[in-house]
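**Student:** Supplied in structure tokens, the structure appears directly below.
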Amino acid sequence: MRVLLINNDGAGFADYVEAADGTTIEQFLGDRLPQSKPGDLLIRVNRQPVSKDQVLREGDRISATPTKIEGAVGFVRQR
């Protein structure tokens, strides 16, 4: 099936990617973002928060946004 992955870590553009039928969001992100820890990401499917065992469907829109952005705290404190 084809899903849209929006990787908000600054690593590139959103892209349509293939996923096997029955793939959970946990499996999908483990394959696509192996360097990331799930606790470090805000994960949404079709703009809604989901559990790790949510099964993906054709056309789903997946976003993974870091919960911590390095340097952001230092920038705010300098103002």
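Per this note's numbering, residue 105 is the first one in the sequence shown, and the count goes up by one each step.
For glycine and all other residues, C-beta sits at the position ideal for the given N, C-alpha and C.
It should be emphasised that the depicted structure is a prediction, and the values quoted were computed from it without experimental measurement.
Since V121 sits in a beta bridge, which residues does DSSP pair it with?
**Tutor:** To locate residue 121, count along the sequence shown from 1; it is residue 17. Partner(s): V107.
**Student:** Does DSSP classify P142 as helix, strand or coil?
**Tutor:** Position 38 of the sequence shown, counted from the first residue, corresponds to residue 142. Helix at P142.
**Student:** Taking P153 as the reference, give the member of K141, T169, S140, E162 with the closest Cα.
**Tutor:** In the sequence shown, counting from the first residue as 1, residue 153 sits at position 49. Looking at the Cα atoms, T169 is the closest of the given residues.
**Student:** Do S155 and I110 have their C-beta atoms closer together than 7 Å?
**Tutor:** Taking the first residue of the sequence shown as position 1, residue 155 is located at position 51. Taking the first residue of the sequence shown as position 1, residue 110 is located at position 6. Going by C-beta atoms, S155 is not nearer than 7 Å to I110.
**Student:** Rounded to a whole number of angstroms, what is the C-alpha to C-alpha distance between Q131 and K172?
**Tutor:** To locate residue 131, count along the sequence shown from 1; it is residue 27. To locate residue 172, count along the sequence shown from 1; it is residue 68. Approximately 22 Å between the Cα atoms of the pair.
**Student:** Checking the sheet assignment: what are the DSSP bridge partners for I166?
**Tutor:** Position 62 of the sequence shown, counted from the start, is the residue given in the question as residue 166. Per DSSP, L109, V149.
**Student:** Count the other CB atoms, across all protein chains shown, that sit within 10 Å of the CB of A123; report buried if there are 16 or more and exposed otherwise.
**Tutor:** Your numbering for residue 123 matches position 19 in the sequence shown. It counts as buried.
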